[in-house]
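In the numbering used here, the protein residues as written are 39 to 339.
Cβ coordinates follow ideal geometry from the N, Cα and C atoms, glycine included.
Model, not experiment: these values are computed from the prediction.
For reference, the structure is listed below as structure tokens.
Below you can see the structure in the form of structure tokens.
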């Protein structure tokens, strides 16, 4: 074990309690990493190092290219989660229940794609979703209601099609020039209540949470939030640059994770390839960060 790993282990609060939960660990933004995998061995190396799942981007445009990689990953023994596209005509702020609405059309296509993967791997597929966002000046209540309408429709669609998928809404970073539904904990809890589905959960993006916490923006952790965290996005920040390797101590993720002890949660490490490259050799940093994530999850490094 490296000195950095020993130091991290020493900072984790009550590791024995963490072990009572079942933290599945995974690698997010995986499509970018696979595109830079010159040796073609990354999937096997991640599986060998104890990775449980990969988080793939979910949109219609890249599906034909992405689906074969997903199949290979499943055959390698890796589980799959998804991060839904949130730009352009995937932005929920554009959503309306109308056959002429492009956002409506897109989600009618991609939710069944995730359902097919769930059938292939034999277990439900989790889909991480960003709530509606728009430039400042758009009414927050209007965006909130559009988000509620989307999730209500999505759950009805999932149930009617008998798709084995679960949805989580991601905690987003506050942006002074954009209105983002879900950039604060109280609003996420309110959203879940308005949608009215017990299955609905949250993705606790710990880098986003830390950014909000530093500016004092709606960052008080509440039982209504913690009890419904189903998924974690794990990454550090380097001089304010998000999605960086777990090297800099700007995000006290060990303290955050200690608040989820005993829960069964998927934890995806979201390292941006370009941001990681600015810190050193990217694949070395990916694997050294993976070792730290394993300790956080109560697994042997």
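At least 9 Å separates the beta-carbon of residue 170 from that of residue 120. Under DSSP, the beta-bridge partners assigned to residue 121 are 95 and 166. For a cut-off of 8 Å, the C-beta gap from residue 80 to residue 131 is around 35 Å, too long to register as a contact. Counting only residues of its own chain and dropping the five nearest sequence neighbours on each side, residue 235 has a CB closer than 6 Å to the CB of 193. The alpha carbon of residue 157 has as its nearest neighbour, out of 114, 203, 183 and 167, the alpha carbon of 203. The continuous alpha helix (DSSP H) containing residue 155 extends over residues 140–159.
Residue range 178–199 is occupied by the alpha helix (DSSP H) that includes residue 192, with no beta strand (DSSP E) assigned at that position.
Taking C-beta separations shorter than 7 Å and ignoring five residues to either side along the sequence, the partners of residue 118 in its chain run 91, 92, 94, 108, 111, 112, 155, 159 and 163, following chain order. Residue pairing from DSSP leaves residue 129 without any beta-bridge partner. Between the C-alpha atoms of residue 295 and residue 212 there is a straight-line separation of about 21 Å. 9 Å or more divides the Cβ of residue 334 from the Cβ of residue 276.
The C-alpha of residue 337 is placed about 20 Å away from the C-alpha of residue 309. Separation of residue 168 and residue 220 (C-alpha to C-alpha, rounded to the nearest whole angstrom) is 8 Å. In the three-state reduction of the DSSP assignment, residue 272 falls in the strand class, which pools E and B.
The beta carbon of residue 122 lies closer than 6 Å to those of 96, 165 and 167 in the same chain, with the five residues before and after it left out. Taking C-beta atoms as the reference points, residue 326 and residue 266 fail to come closer than 9 Å.
Rounded to the nearest whole angstrom, the C-alpha separation of residue 319 and residue 243 is 24 Å.
Annotation: the stretch 270–305 contains the following complete segments of the alpha helix (DSSP H) (minimum length 4 residues), in chain order: 291–296. Under DSSP, residue 239 forms a beta bridge with 206. Rounded to the nearest whole angstrom, the CA to CA distance from residue 129 to residue 185 is 10 Å.
Residue environment analysis places residue 261 among the exposed positions, since fewer than 16 neighbouring C-beta atoms fall within 10 angstroms of its C-beta. Here residue 239 is not near residue 271, since their CB atoms are 9 Å or more apart. Residue 217: member of the beta strand (DSSP E) spanning 216–218, first to last residue. Taking C-beta separations shorter than 7 Å and ignoring five residues to either side along the sequence, the partners of residue 101 in its chain run 151, following chain order.
If you compare the alpha carbons of 281, 137, 231 and 178 with that of residue 247, the shortest gap goes to 281. Ranked by Cα distance from residue 179, the first of 196, 228, 210 and 208 is 228.
Ranked by Cα distance from residue 199, the first of 209, 177 and 153 is 153.
The alpha-carbon of residue 191 is positioned some 36 Å away from that of residue 292. Annotated as distal: residue 330 and residue 88, with beta-carbon spacing of 9 Å or more.
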